[in-house]
Amino acid sequence: MTAQTIPVDPFELIVFGGTGDLSYRKLLPALFHRDCAGQIVGPSRILAVSRRDMSAEAFRNATRDAIERFVAAEDRTPEAVEHFLNRVCYTAVDGTGEAGWGELKEKLSGDGEFVRAFYLAVNPELFGPICANIGRHGLMNAETRVVIEKPIGKDFETAQAVNAAVGAVFDEHQIYRIDHYLGKETVQNLMALRFANALFEPLWNAAHIDHVQITVAENIGVEGRGGYYDTAGALRDMVQNHILQLLCLVAMEAPMSMDADAVRDEKLKVLKALVPITGDNMERMTVRGQYAAGASAGGAVPAYQDELDGDSSATETFVALKAEIANWRWAGVPFYLRTGKRLADRVSEIVVAFHPIPHSIFGSGAGSIAANHLVIRLQPDEGVKLWLMIKDPGPGGMRLKQVPLDMSFAQAFDSRNPDAYERLLMDVIRGNPTLFMRRDEVDAAWQWVDPILEAWKAGGEAPKSYTAGTWGPSASVALIERDGRTWHEESR
Ligand code: BG6
421 MTAQTIPVDP FELIVFGGTG DLSYRKLLPA LFHRDCAGQI VGPSRILAVS RRDMSAEAFR
481 NATRDAIERF VAAEDRTPEA VEHFLNRVCY TAVDGTGEAG WGELKEKLSG DGEFVRAFYL
541 AVNPELFGPI CANIGRHGLM NAETRVVIEK PIGKDFETAQ AVNAAVGAVF DEHQIYRIDH
601 YLGKETVQNL MALRFANALF EPLWNAAHID HVQITVAENI GVEGRGGYYD TAGALRDMVQ
661 NHILQLLCLV AMEAPMSMDA DAVRDEKLKV LKALVPITGD NMERMTVRGQ YAAGASAGGA
721 VPAYQDELDG DSSATETFVA LKAEIANWRW AGVPFYLRTG KRLADRVSEI VVAFHPIPHS
781 IFGSGAGSIA ANHLVIRLQP DEGVKLWLMI KDPGPGGMRL KQVPLDMSFA QAFDSRNPDA
841 YERLLMDVIR GNPTLFMRRD EVDAAWQWVD PILEAWKAGG EAPKSYTAGT WGPSASVALI
901 ERDGRTWHEE SR
């Protein structure tokens, strides 16, 4: 599945929050893989930055530990690790204060020599002050970019403030807003499936598609991130970004090219065409849930409330929505979205459900004829299944059976499935923002999400309880079954 490796230009990547969880768990392992693949060349360097005093040696040791922990043993050799460690160094900088900026500047190469990318793996409240310091200390060169992670605000207004603070220093074309779902192989495959095949596009509309389902289910809980998660909830944490991005890729018109603005213009049109969910239709279109104690991922787990040091909370850990897109292609086609923590399984998939056949010629003895479904499995067991009706083999008349045309990527391609951050980090260095969110996309997503949050708040109802290890509150089943449809489930 790995694409051919084209080396990127030499770069200096400065990671604020360089000793944090994201850095050790995702960024450094991703860069290690790209180094091993020969994509990182020349004197490229990774400068980790944080407030704490730490020797270069101690940081290299911590990086070695992270690679041993987060990179599979078969994907690393001691020589490759040492080679990578030669690229990393550490500097203590007070992101919001004065200390360390002079030293950081001295460590950077001369102006224009290398691509210089700042990665802000820090609390979003620090984005503005750090960017201001980058500008004030003259750390920008002609090839500078800045990468920021979600959450970008907690509503439209606060997102505006974050974007304005970053935008006061960097031009929009220099700002890379990461949504790591866009870097997943299978998510990019969605574009390949739609736009590199002639088969689907003529059918990709309300005349042939009955509805679409997008499920991003996790069996883990909040994993020590309760402090953040409790201020966010599933709608902000997963829907505002990842799930709406998936919806855009399913629903957008064919862009003129893979050019960043061509793709993002089309995604933006989808976001703007989403029918608002407000106090009037909130009850019919949304379900929010919170997990109670149960069993998940192989063991007994406490209720969400009990993971929060005894504080009571009305934060949702599950959400199901019925979204509608008001345009010619999708009018009348519901997009059912659901995501949650501590669900029965870890599975992310998109199901495109086609209309049933208009008339059966087979008679009742043939059995029922299910509508065709195209299932794009994002994780785990990445692949695509097209569910079709066939004749049940053997004598004994015409009996029909539903079977999948099944393409498992793991079987089809004998190579490691690269992590989303590998692709995205290399795109930052290459200067390709196609898989990153533009400011107006973030705004439009909040503009759809804000009224839902407001309606929930005004409604004052607590999230519905669901037992950990199930598929969420029963109201989520009712949300789709009211329309005569069911959530796609197959024996996994
Ligand atoms: C993050 C959310 O953006 O995505 C987490 O903040 C969530 O709550 C994670 O667990 C899911 O990502 P993945 O790649 O494991 O599906």
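For what it's worth, our numbering labels the leading residue of the sequence shown as 421, then goes sequentially. Beta carbons are placed, not taken as given, at the ideal position from N, Cα and C, and that holds for glycine.
Exercise. Look at the alpha carbon of residue 477 and the alpha carbon of residue 505, and state the distance between them as a whole number of angstroms.
Key: As a working mapping, residue 477 is identified with position 57 in the sequence shown. As a working mapping, residue 505 is identified with position 85 in the sequence shown. Near 10 Å, if we compare the C-alpha coordinates of residue 505 and residue 477.
Quiz item: Which parts of the region 654–734 are runs of the alpha helix (DSSP H), unbroken and 4 residues or longer, counting only runs that do not cross its ends?
Solution: As for any alpha helix (DSSP H) of minimum length 4 sitting wholly inside the region 654–734, the runs are 664–671, 680–693, 702–705, ordered along the chain.
Quiz item: How about residue 657: is its Cβ closer than 7 Å to a heavy atom in the ligand BG6?
Solution: To locate residue 657, count along the sequence shown from 1; it is residue 237. For the ligand BG6, at least one heavy atom lies less than 7 Å from the Cβ of residue 657.
Quiz prompt | Per-residue DSSP class, three states only, for residue 818 | solution = As a first step, residue 818 must be located in the sequence shown, where it is residue number 398. Three-state DSSP puts residue 818 in coil, outside helix and strand.
Quiz prompt | When 629, 707, 780 are compared against residue 886, the one with the closest alpha-carbon | solution = Here residue 886 corresponds to residue number 466 of the sequence shown, with the count starting at 1. Of the listed residues, the one whose Cα sits closest to residue 886 is 707.
Quiz item: So what's residue 834 in DSSP terms, helix, strand or just coil?
Solution: On the sequence shown, residue 834 is found 414 positions in, with the first residue counted as 1. In the structure shown, the three-state DSSP call for residue 834 is coil.
Exercise. Please name the residue in 498, 440, 491, 863 whose C-alpha comes closest to that of residue 543.
Key: Your numbering for residue 543 matches position 123 in the sequence shown. Ranking 498, 440, 491, 863 by Cα distance to residue 543 puts 440 first.
Quiz item: If we ignore side chains and look at the alpha-carbon of each, how far apart do residue 592 and residue 454 end up?
Solution: By one-based count along the sequence shown, residue 592 stands at place 172. By one-based count along the sequence shown, residue 454 stands at place 34. Distance between the alpha carbons of residue 592 and residue 454 is about 27 Å.
Quiz item: For residue 761, which of 636, 669, 835 has the nearest alpha-carbon?
Solution: Looking up residue 761 in the sequence shown gives position 341. Among 636, 669, 835, the Cα nearest to that of residue 761 belongs to 636.
Exercise. Kindly indicate which three-state DSSP category residue 421 falls into: helix, strand or coil?
Key: Counted from its first residue, the sequence shown places residue 421 at position 1. Because the pLDDT of residue 421 is 44, which lies under 50, any placement of that residue in the model is unreliable, and the number read from its coordinates should be weighed accordingly. Coil.
Quiz item: Which value, in whole angstroms, describes the spacing of the CA atoms of residue 587 and residue 691?
Solution: Taking the sequence shown and counting its residues from 1, one reaches residue 587 at position 167. Taking the sequence shown and counting its residues from 1, one reaches residue 691 at position 271. Roughly 22 Å between the two C-alpha positions.
Practice problem: Tell me, please, whether the region 554–572 touches the region 533–543 by the rule of three or more beta-carbon pairs shorter than 8 Å. | Solution: yes
Quiz item: Between which two residues does the alpha helix (DSSP H) carrying residue 866 extend?
Solution: Indexing the sequence shown from 1 puts residue 866 at position 446. Per DSSP, residue 866 belongs to the alpha helix (DSSP H) from 859–879.
Self-check item: residue 463 versus residue 725 - alpha carbon distance
Solution: The residue you call residue 463 lines up with position 43 of the sequence shown. The residue you call residue 725 lines up with position 305 of the sequence shown. Taking the straight line from one Cα to the other gives about 49 Å.
Exercise. Check whether the region 731–740 touches the region 610–619, counting contact only when three or more Cβ pairs, one atom from each stretch, lie closer than 8 Å.
Key: no
Exercise. Please find out if some non-hydrogen atom of the ligand BG6 comes closer than 7 Å to the beta-carbon of residue 638.
Key: Here residue 638 is taken as the residue at index 218 of the sequence shown, counted from 1. True, at least one ligand heavy atom lies under 7 Å from that Cβ.
Quiz item: In three-state terms, what does DSSP make of residue 759?
Solution: One-based indexing of the sequence shown puts residue 759 at position 339. It is a strand residue.
Practice problem: Taking 8 Å as the cut-off, decide whether the C-beta atoms of residue 790 and residue 809 are in contact. | Solution: For the purposes of this step, residue 790 is taken as the residue at position 370 of the sequence shown. For the purposes of this step, residue 809 is taken as the residue at position 389 of the sequence shown. Yes. Within cutoff.
Practice problem: Indicate the three-state DSSP secondary structure (helix, strand or coil) for residue 527 in the structure shown. | Solution: One-based indexing of the sequence shown puts residue 527 at position 107. The answer is helix: DSSP assigns residue 527 an H, G or I state.
Quiz prompt | Three-way DSSP call (helix, strand, coil) for residue 943 in this model | solution = The requested residue 943 is not part of the displayed model; the chain covers only 421 to 912.
Exercise. Find the nearest neighbour of residue 795 within the set 869, 771, 474, judged by alpha-carbon distance.
Key: Taking the first residue of the sequence shown as position 1, residue 795 is located at position 375. Looking at the Cα atoms, 771 is the closest of the given residues.
Practice problem: Just mark residue 888 as buried or exposed, buried being the case when its beta carbon has 16 or more other beta carbons within 10 Å. | Solution: Taking the first residue of the sequence shown as 1, we reach residue 888 at position 468. Flag for residue 888 reads buried.
Quiz item: What residue from 876, 520, 490 has the CA that sits closest to residue 699's CA?
Solution: As a working mapping, residue 699 is identified with position 279 in the sequence shown. Comparing Cα-Cα distances from residue 699 to each of 876, 520, 490, the minimum goes to 876.
Exercise. Alpha carbon to alpha carbon, how far is residue 670 from residue 751? Give it in angstroms, no decimals.
Key: By 1-based counting over the sequence shown, the position of residue 751 is 331. By 1-based counting over the sequence shown, the position of residue 670 is 250. About 14 Å.
Quiz prompt | Residue interval of the beta strand (DSSP E) (run including residue 444) | solution = Looking up residue 444 in the sequence shown gives position 24. Taken as a continuous stretch (DSSP letters only), residue 444 belongs to no beta strand (DSSP E), as it is neither H nor E.
Quiz prompt | Touching by the beta-carbon criterion (3+ pairs, under 8 Å), the region 800–814 and the region 658–670 | solution = No: fewer than three Cβ pairs fall under 8 Å.
Quiz item: Does the beta-carbon of residue 624 have 16 or more other beta-carbons within 10 angstroms, so that it is buried, or is it exposed?
Solution: By 1-based counting over the sequence shown, the position of residue 624 is 204. Label assigned to residue 624: buried.
Quiz item: From this set, 639, 642, 638, 674, which residue's C-alpha is nearest residue 618's C-alpha?
Solution: Counting from 1 along the sequence shown, the entry for residue 618 is found at position 198. The shortest Cα separation from residue 618 among 639, 642, 638, 674 belongs to 674.
Exercise. Write down the C-beta distance between residue 470 and residue 500 rounded to the nearest angstrom, noting that I regard them as a contact closer than 8 Å.
Key: Translated into the one-based positions of the sequence shown, residue 470 becomes position 50. Translated into the one-based positions of the sequence shown, residue 500 becomes position 80. At roughly 25 Å, the Cβ-Cβ gap does not stay under 8 Å, so residue 470 and residue 500 are not in contact.
Quiz prompt | Distance between residue 785 and residue 421 (C-alpha atoms, nearest Å) | solution = On the sequence shown, residue 421 is found 1 positions in, with the first residue counted as 1. On the sequence shown, residue 785 is found 365 positions in, with the first residue counted as 1. For residue 421, the pLDDT reaches just 44, beneath the cut-off of 50, and the residue's location in the model is therefore unreliable, although a value from the coordinates is still provided. Cα to Cα, the separation comes out at about 44 Å.
Self-check item: Cβ pair residue 575, residue 774 closer than 8 Å
Solution: Translated into positions along the sequence shown, residue 575 becomes position 155. Translated into positions along the sequence shown, residue 774 becomes position 354. No, these two residues do not count as a Cβ contact at 8 Å.
Exercise. Could you check if residue 429 is buried or exposed, using at least 16 other CB atoms within 10 Å of its CB as the buried criterion?
Key: Translated into the one-based positions of the sequence shown, residue 429 becomes position 9. By the neighbour-count rule (16 or more Cβ atoms within 10 Å), residue 429 is not buried but exposed.
Quiz item: Looking at residue 665 and the ligand BG6, is the gap between the Cβ and the nearest heavy atom below 7 Å?
Solution: Reading the sequence shown from its first residue, position 245 is the one you call residue 665. Answer for residue 665: no, Cβ out of range of the ligand BG6.
Practice problem: For the beta strand (DSSP E) holding residue 630, just list the boundary residues, first then last. | Solution: Translated into positions along the sequence shown, residue 630 becomes position 210. Segment 629–637, the beta strand (DSSP E) holding residue 630.
Quiz item: Who are the near neighbours of residue 912 in its chain, counting only those whose CB is closer than 6 Å to its CB and skipping five residues on each side?
Solution: Walking along the sequence shown from the start, residue 912 turns up at place 492. Reliability fails at residue 912, whose pLDDT of 43 lies under 50, so the model's placement of it is uncertain and no value is given.
Quiz prompt | Best match in 878, 853, 447 for proximity to residue 678 [C-alpha to C-alpha] | solution = Within the sequence shown, residue 678 is the residue found at index 258, counting from 1. The option with the nearest alpha carbon to residue 678 is 853.
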